[in-house]
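Novice: Below you'll find the structure I mean.
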Amino acid sequence: MYSTDIELPTKEEINTWLDEQVEKKFIKDKKTWIDWQFNLNNSCKENDVYHQISNDESTIDENVAKHFHQCMNPKYVKLFYYTSASVACKIIKDGMLKGTDPYNTNDPFEFFPAGNRKLAIDKMDAQILCFSTKVTSAALWGHYAEQHKGVCFVFSIPLIAYFGSTNNNCHWRIASHKETKPIKNCLYMVEYCSDRWKFGFHPSESALCSKDVSWQWENEIRMICDASDCDYVDDENRKFYKFPMEYLESIICGVKNTNKDRLKYLCKCHVNREIVFDQCTYSQDKFEVYNTIVSDTYINMFPQTYYQNYFKSYNPFNNYINNSNIVNFEKENMQTIVSYY
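Using the numbering used here, the first residue of the sequence shown is number 1221, and each one after it goes up by one.
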């Protein structure tokens, strides 16, 4: 549960922090940010929050203060990005990750909710960056890291809980990244479902972040990026993004990888900070691969919202647990789902 030793921010500290976010252009303005961060299903509760922080005579609800504390103190979460050795060298030299066209992936139903395919394409001009919460999966190493000859980039990303979601998705905002649109430039945990979501008037987060249960082994976390925000477009119209690379922490080479020294040299030449390296080994008793740097990331390691008392009818994490169609949740972590750190 939330630690009683943490000193919650005062109204003045919250307003100072919000002013800094506006000045840095991380957020448009206070009211807009509160709308996105707290508003659910057209509820008027965001007006109450804005009133609490802007009215000199009002008091701040404890849960609101806790939620602001999380926003002001993001939690760093490790995510894993698999690729081949040759692509890894290019990523290090160029300092960018390639976005994936959601309509040209190995899953024919990507961004294809129930209904009209053309409608879905017309609705979104986006790219996705795909990460996993698993680093010990032999299947992931085999499928996405060149049959264990590739690498896994380890990113440590500062996240805050995002309570502006309109569905069951676990949803987080990158604390130091400019907020442009409510859906894009955020992280989502993919939902594995037996039925496709319907596509409504606006792009549904569930339609954009759901896959068939047969893909559950990927344990995917995805970032939906605005195509217009990319930093580079090559001759094949592929789009590349720089900002994830600032969160690169370490590189793990596959069991069969022979390029570790070259990768280290490239990091020394092109990355202006130290990157930790390791190489996988096979488990002696399980169908897993291990390294000495990092282990798998579980959902209880992500920041969770404390703004539950205001929206008892909607708790995205309870919905995530209770939805019988979602099968990629680690049951042993259910008791810690609302833990803070």
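Every residue gets a Cβ at the ideal spot worked out from N, C-alpha and C, and that includes glycine.
Here the structure is a predicted model, which is why all the values come from computation and not from measurement.
1. Leaving out five residues before and five after S1430 in sequence, what residues of the same chain have Cβ atoms less than 6 Å from its Cβ?
2. Could you check where the beta strand (DSSP E) with V1563 kicks off and where it finishes?
3. From which residue to which residue does the alpha helix (DSSP H) around D1167 run?
4. Starting from N1288, trace the beta strand (DSSP E) both ways and give me its first and last residue.
5. Report the option in G1319, F1497, I1377 whose CA atom is closest to the CA atom of Y1296.
6. Decide yes or no for the touch test of the segment 1275–1284 against the segment 1433–1451: beta carbon pairs closer than 8 Å, at least 3 of them.
7. Measure the Cβ-Cβ separation of F1373 and I1471 and say whether it is below 7 Å.
8. Just to confirm my understanding: we take G1362, look at its own chain, exclude 5 residues before and 5 after, and list those with CB closer than 8 Å. What are they?
9. Going by beta-carbon coordinates alone, are A1308 and V1371 separated by less than 7 Å?
10. Grab me the residues of P1322's own chain with a C-beta within less than 7 Å of its C-beta, minus the 5 sequence neighbours each way, in chain order.
11. Where does K1484 sit, in a helix, a strand or coil, going by DSSP?
12. On the DSSP letters alone, give me the boundaries of the alpha helix (DSSP H) that S1306 sits inside.
13. For Y1518 and E1243, I'd like the C-alpha separation in whole angstroms.
14. Rounded to the nearest angstrom, what separates D1327 and R1442 at their Cα positions?
15. Check each candidate in Y1510, Y1270, A1447 and name the one with the smallest Cα separation from V1475.
16. Where are the beta strand (DSSP E) runs, 3 residues long or more, that stay fully inside the segment 1441–1488, in chain order?
17. In terms of alpha-carbon separation, which member of H1289, I1513, D1268 lies closest to T1230?
18. Below 8 Å on the Cβ atoms is my contact criterion, and I expect M1292 with W1237 to pass it. Report the Cβ-Cβ distance as a whole number of Å.
19. What's the gap between the Cα of I1444 and the Cα of K1245?
20. D1268 by DSSP, collapsed to three states: which one?
21. Pick out whichever of F1522, M1465, N1235, F1300 has its Cα sitting closest to the Cα of H1391.
22. Should F1507 go down as buried or exposed, given a rule of 16 or more other Cβ atoms within 10 Å for buried?
23. Quick one: residues in its chain with C-beta nearer than 7 Å to the C-beta of H1271, no 5 flanking neighbours on either side, listed in chain order?
24. Can you have a look at S1448 and say buried or exposed, based on whether 16 or more other CB atoms are within 10 angstroms of its CB?
25. Of the residues K1318, A1381, F1375, which one's Cα is nearest the Cα of A1524?
Specialist: The structure says:
1. E1411, C1413, W1417
2. This structure leaves residue 1563 out entirely; the chain is present only between 1221 and 1561.
3. The displayed coordinates of the chain run from 1221 to 1561. Any statement about residue 1167 would go beyond what the structure contains.
4. In the sequence on display, residue 1288 carries Phe and not Asn. Taken as a continuous stretch (DSSP letters only), F1288 belongs to no beta strand (DSSP E), being part of the alpha helix (DSSP H) at 1282–1292.
5. I1377
6. no
7. yes
8. H1368
9. yes
10. E1330, F1331, A1346, I1348
11. helix
12. 1305–1314
13. 34 Å
14. 14 Å
15. Y1510
16. 1459–1461, 1468–1473
17. H1289
18. 5 Å
19. 20 Å
20. helix
21. F1522
22. exposed
23. S1278
24. exposed
25. The question names Ala, but residue 1524 is Gln in the sequence shown. Minimum Cα distance to Q1524 is reached at A1381.
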